[in-house]
Amino acid sequence: MQFTLRAAALLGAAAFSCAAQSRRLDLSGTWKFDGGRIFLPGTTDQAGFGKKTEGPEKGWLSRPATIAGKVAYEREVVIPDAWRGMRTELFLERVHWRSTVWVDGRAHGDRDSLSTPHVYDLGNSMTPGRHTIRLEVDNSYLIDVGKDAHSVGEHTQTNWNGVVGRLELHATDPVWIGDVRVTPDFKAKTARVEVTVRNATGGRVDATVSAGAATAKVQAPGEEEKVTLSVPASAAKAWDEYEGNVERLEVKLSAGRFSDSRTVEYGLREIGAKGGHFVMNGRPVNLRGTLECNIFPLTGYPPVDEESWARLYRLAKAHGLNSFRFHSHCPPEAAFAAADKAGFLLYVELPVWSGKVGKDEALSAFMRREGFRILQAYGNHPSFIALGLGNELRGDFQFMDKLVGEFKQADPRRLYTFSADHVRLVPGETSDFYIAQKTKAGYFRIHGSRWEKSATGTDYDYGRLIEGIGVPTVAHELGQWVTYPDYREIGKYTGVLKARNLEAFRERLESQGMGDQAEAFQRASGRFAWKLYKEDIEACLRTPGLGGYQLLQLQDFPGQGEALIGLLNSFWDSKGILTGEQMRRFAGATVPLARFEKFVWTSDEVFTAKALVAHYGRGELSGAARWTLKDDTGATVAQGRWAAAKASAGAVTPLGEVKAPLAQMKRASKLKLTVDATGFTNDWEIWVYPKRLATAPAEGVLVTRSAAEARQRLAEGGSVVLAASGGKMQEIRFLPVFWSLTWFPKQPGTMGVLCDPAHPALTGFPNDGHSDFQWYELTQGAKAFVLDGMLAGLRPVVQVIDDYHRNTRLGAVVEARVGKGRLLAVSLDVETELDRRPVARQLRDSLVRYAASAKFQPQVEVTDQQLEELIGK
5 MQFTLRAAAL LGAAAFSCAA QSRRLDLSGT WKFDGGRIFL PGTTDQAGFG
55 KKTEGPEKGW LSRPATIAGK VAYEREVVIP DAWRGMRTEL FLERVHWRST
105 VWVDGRAHGD RDSLSTPHVY DLGNSMTPGR HTIRLEVDNS YLIDVGKDAH
155 SVGEHTQTNW NGVVGRLELH ATDPVWIGDV RVTPDFKAKT ARVEVTVRNA
205 TGGRVDATVS AGAATAKVQA PGEEEKVTLS VPASAAKAWD EYEGNVERLE
255 VKLSAGRFSD SRTVEYGLRE IGAKGGHFVM NGRPVNLRGT LECNIFPLTG
305 YPPVDEESWA RLYRLAKAHG LNSFRFHSHC PPEAAFAAAD KAGFLLYVEL
355 PVWSGKVGKD EALSAFMRRE GFRILQAYGN HPSFIALGLG NELRGDFQFM
405 DKLVGEFKQA DPRRLYTFSA DHVRLVPGET SDFYIAQKTK AGYFRIHGSR
455 WEKSATGTDY DYGRLIEGIG VPTVAHELGQ WVTYPDYREI GKYTGVLKAR
505 NLEAFRERLE SQGMGDQAEA FQRASGRFAW KLYKEDIEAC LRTPGLGGYQ
555 LLQLQDFPGQ GEALIGLLNS FWDSKGILTG EQMRRFAGAT VPLARFEKFV
605 WTSDEVFTAK ALVAHYGRGE LSGAARWTLK DDTGATVAQG RWAAAKASAG
655 AVTPLGEVKA PLAQMKRASK LKLTVDATGF TNDWEIWVYP KRLATAPAEG
705 VLVTRSAAEA RQRLAEGGSV VLAASGGKMQ EIRFLPVFWS LTWFPKQPGT
755 MGVLCDPAHP ALTGFPNDGH SDFQWYELTQ GAKAFVLDGM LAGLRPVVQV
805 IDDYHRNTRL GAVVEARVGK GRLLAVSLDV ETELDRRPVA RQLRDSLVRY
855 AASAKFQPQV EVTDQQLEEL IGK
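The numbering used here numbers the first residue of the sequence shown as 5 and each following residue consecutively.
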């Protein structure tokens, strides 16, 4: 670290020397610091200063050293003679949180933005020669924006102290360009350019302002004057999610011996709403987004370089997405600039997650200031399509609506909403669109509705939820399905945050004798999460008129109880769950869909489905469409074609019906339905079971629900299949952990099953080794055996994955030797109402056939006491 700081300081000095010949001085380098010396831009965390910490945090990553409160940074700077007579300003790109500045002991005020640069007008105080700049940064919790807001909370970016990004002195003539605002007119192919001219001469100034080919005269009798120019943009290409066409415009000011210039970038686009759709440049747009929660474990703050953001946008697009929602924070300039070039859509929020909005005067004033600052700093960016007041806000909704109205009036270049909502249940009166977890008609996601009360298929949508809403509606925080940690990831935490919590979870897993199963747990839970995310997304796409969805989220969330809900990890690296190509099949701009009644069928039925295509591409879609139904060997069971499909952009278009008699299925099978619509492909799995099963040969095998009967037969040296109901058991459910077991403790806390599909006990039960929709019948409302400490070395035939905070050893199907007897114990219900439960019927048959075979040779022996703990008395 010492070498890095020294080298960086030398580089900073070189940059400073070169920049001194211009109107910008780079202040990066070594600064004096309360604790010694520190390199800025940077943070105290990066320098390793602060109170040292030990052990894991409870629910988030660990900072090895922390500082809270005021920290002073100081350095000398030499102002070149070329700056004589100029005004100067200090530019601090991102500060956390309040900054206060002194030059040569003279105070120059303070700034408190969490979202925009802190800029100080130093006037003519920086005369040629040597000066001392003192900068105080206070990362205390200054305004109650909500301690879980991702702008200030420890759960994601950390409560850091320092300055990051550009750290510079700027010099201008005393007449200069203060601001440039560009408002494109997409239909007219022009741009309205509003230039703010500032005057510090104390007298009247006559000036000429030019923007491209347009020129205007301006008189500045006072400190500020605005001039508006109309700039032709006939040669400009439209900006949208497919083409990041960025226009560059040079604005010049000439006022006698004073001059200034500024280059601004904008995009020719318009964003609006029509019915339930967002509309960009006259074309419907569906927001397919993920949250970005300020998760950057190496630095603890958001990137200030474009390439880092460009990488995230490339990855998001590769997975079918077109937008980010910045949850309770606003990113730096680089995020907008990179999104402009990528054609990526950004919804930004004020840095607030509070339950008392409009009831706290300091917070209300801060929100108003911060909103206008964000609009001024980033408003020219075409990627900046929407602004909200914060996450899941509560308080005075009338205040929120009024504030939204103020922002809309001030800057109509984008759309606005009061909040991402889960309590109001209706749009705000001034909101252009609505982000909702639910409406009065129900939830927009699996959690809280489907798969918690009854099994179902895909033949539903959310149309009734958006009836009467009147503005585009976006499904809020879709998904949140937890996957087991990949402990190989621990080594990636080489920056300011350490995964001490993951280390503790791994130690617990190893102490339970399951350390070698970590990767299998991660893979099985990840594949299950994939299935659930797919159905969550497709339910939204099946809904005509729904404005879009926002996932929580594509990448892991390391805080709030280690909510590892991503299909990618916290670094946006693959977790080996699925590829971008696989996700685009169900999350892209054009997605074939299928509506069918259920996932589990019997051989006396005819499988039926309705095929559709959700299309939000650039133009009309047309071409051939077909379907196939194949078994697990790849053999075609049925297939068909439809007339050439024609799908308008922004519509969910029917393709035709699928019908396939299942009588030919003589054994339990998994089938795959594939729909191809003009080159876009998607698929679904269904399971087909025999309507009736031949009686399983059970000679020499006792099949019972009685622990006493089982004990007796085992004592006689017999074989037993026990549908157990006693012993030490834990509640399980079909769905995995939602978000985090520590944040939502009133859930069973299991994460699906793990098994070996090739195990002879499962020969007659088709499965992929992890939970999928067929397992609902078996696992919903069920229980699992608790095996902690009583059966060392035992690996259940069907294991249940427990939440990593507990790592309890759980089994749903367990085999063991008891003296000369052999036991196959099942905690799942494989005995009741089998006439209407084909999955349970099939599993029972497979287990009984195994128990009656020569392959039933359990390797682990249990004592009488262990047997009692396992199955009860």
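The beta carbon of each residue, even a glycine, is placed where N, CA and C say it ideally should be.
Item: Leaving out five residues before and five after S358 in sequence, what residues of the same chain have Cβ atoms less than 8 Å from its Cβ?; Value: D148, V149, G150, A153, D364, L367, G394, L397, R398 and G399
Item: With L171 as the anchor, note down where its alpha helix (DSSP H) starts and where it stops.; Value: Looking at the DSSP string, L171 is not in any alpha helix (DSSP H); the run it does join, the beta strand (DSSP E), is G166 to T176.
Item: For E214, I'd like the list of residues in its chain whose CB is within less than 6 Å of its CB, leaving aside the five on either flank, ordered along the chain.; Value: Rather than Glu, the amino acid found at residue 214 in this sequence is Ser. Around S214: K256.
Item: Would you kindly report the start and end of the unbroken alpha helix (DSSP H) that includes I884?; Value: No statement about residue 884 is possible, as the shown extent of the chain runs from 5 to 877 and does not include it.
Item: Nearest-angstrom Cα distance between T294 and A479?; Value: 11 Å
Item: Determine the extent of the alpha helix (DSSP H) in which S263 is found, giving its start and end residues.; Value: Unbroken run through S263 is the beta strand (DSSP E), F262 to Y270; no alpha helix (DSSP H).
Item: I think D463 touches R599, with their Cβ atoms under 8 Å apart; what is that distance to the nearest whole Å?; Value: 4 Å
Item: Looking at C-alpha atoms only, which residue of Q784, G592, V724 and E865 is the closest neighbour of G324?; Value: G592
Item: Give a yes or no on whether the C-beta atoms belonging to A727 and R709 are separated by under 9 Å.; Value: yes
Item: Should L429 go down as buried or exposed, given a rule of 16 or more other Cβ atoms within 10 Å for buried?; Value: exposed
Item: Looking at C-alpha atoms only, which residue of N163, I378, E172 and S155 is the closest neighbour of S144?; Value: N163
Item: Quick one: grab the DSSP three-state call for N285.; Value: coil
Item: Beta-carbon separation of G580 and Y537 under 9 Å?; Value: no
Item: Whole angstroms is fine: what's the gap from T883's alpha carbon to T92's?; Value: The question about residue 883 has no answer, for the chain in this structure spans 5 to 877.
Item: Between the alpha carbons of L216 and K241, how many angstroms are there, rounded?; Value: Looking at the sequence itself, residue 216 is Gly, so the reference to Leu does not match. Spanning the two alpha carbons is a distance of roughly 16 Å.
Item: With distance defined between alpha-carbon atoms, name the residue in G260, W243, G52 and T267 nearest to R252.; Value: T267
Item: To the nearest angstrom, report how far apart A855 and D577 are at their CA atoms.; Value: 44 Å
Item: Determine, using beta carbons only, whether I275 and D560 come nearer to each other than 9 Å.; Value: no
Item: When you compare the CB positions of L832 and A816, do they come within less than 9 Å of one another, or not?; Value: yes
Item: Let me know if D490 comes out buried or exposed under the rule of 16 or more other beta-carbons within 10 Å of its beta-carbon.; Value: buried
Item: Shortest alpha-carbon distance to E539 belongs to which of A369, W688, D114 and R527?; Value: W688
Item: With DSSP collapsed to three states, give me the class of L15.; Value: Per-residue confidence for L15 stands at a pLDDT of 34, beneath the threshold of 50, marking its modelled position as unreliable; the derived number appears in the next sentence. Of the three classes helix, strand and coil, the one that applies to L15 here is helix, per DSSP.
Item: Buried or exposed for N128, please, with buried defined as at least 16 other CB atoms from any protein chain shown within 10 angstroms of its CB.; Value: exposed
Item: Restricting to Cα atoms, I'd like to know which of I569, G392, D142 and A175 is closest to A76.; Value: D142
Item: Under the DSSP definition of a beta bridge, which residues are partnered with R709?; Value: Paired residue(s): none; R709 is not in a bridge.
Item: Sorted by chain position, which residues of the same chain lie with C-beta nearer than 6 Å to A629's C-beta, five sequence neighbours on each side aside?; Value: W646, A649, L659 and A681
Item: Hey, how far is the Cα of Q863 from the Cα of V724?; Value: 15 Å
Item: Taking C-alpha atoms, which residue in M587, P770, R813 and I473 lies nearest to L874?; Value: R813
Item: Taking 8 Å as the cut-off, is the beta-carbon of N771 closer than that to any non-hydrogen atom of the ligand MG?; Value: Among the components modelled here there is no ligand, and therefore nothing to report on the ligand MG.
Item: Going by DSSP, which residues form a beta bridge with W646?; Value: A629
Item: When we look at the beta-carbon of R88 and count the other beta-carbons within 10 Å, is it buried (16 or more) or exposed?; Value: exposed
Item: Whole angstroms are fine: how far does the CA of D608 sit from the CA of D839?; Value: 13 Å
Item: With a cut-off of 8 Å on the beta carbons, I'd call G237 and A195 a contact; round off their distance for me.; Value: Note that residue 237 corresponds to Ala in the displayed sequence, not to Gly. Indeed they touch by this definition, with Cβ atoms about 5 Å apart.
Item: Going by DSSP, name the residue or residues bridged to Q803.; Value: L758 and G815
Item: Going along the chain, which residues of its own chain have a beta-carbon closer than 7 Å to the beta-carbon of P225, five neighbours each way excluded?; Value: R208
Item: Provide the residue span of the beta strand (DSSP E) that contains Q778, from first to last.; Value: Segment: none, Q778 is in no beta strand (DSSP E) and carries neither H nor E.
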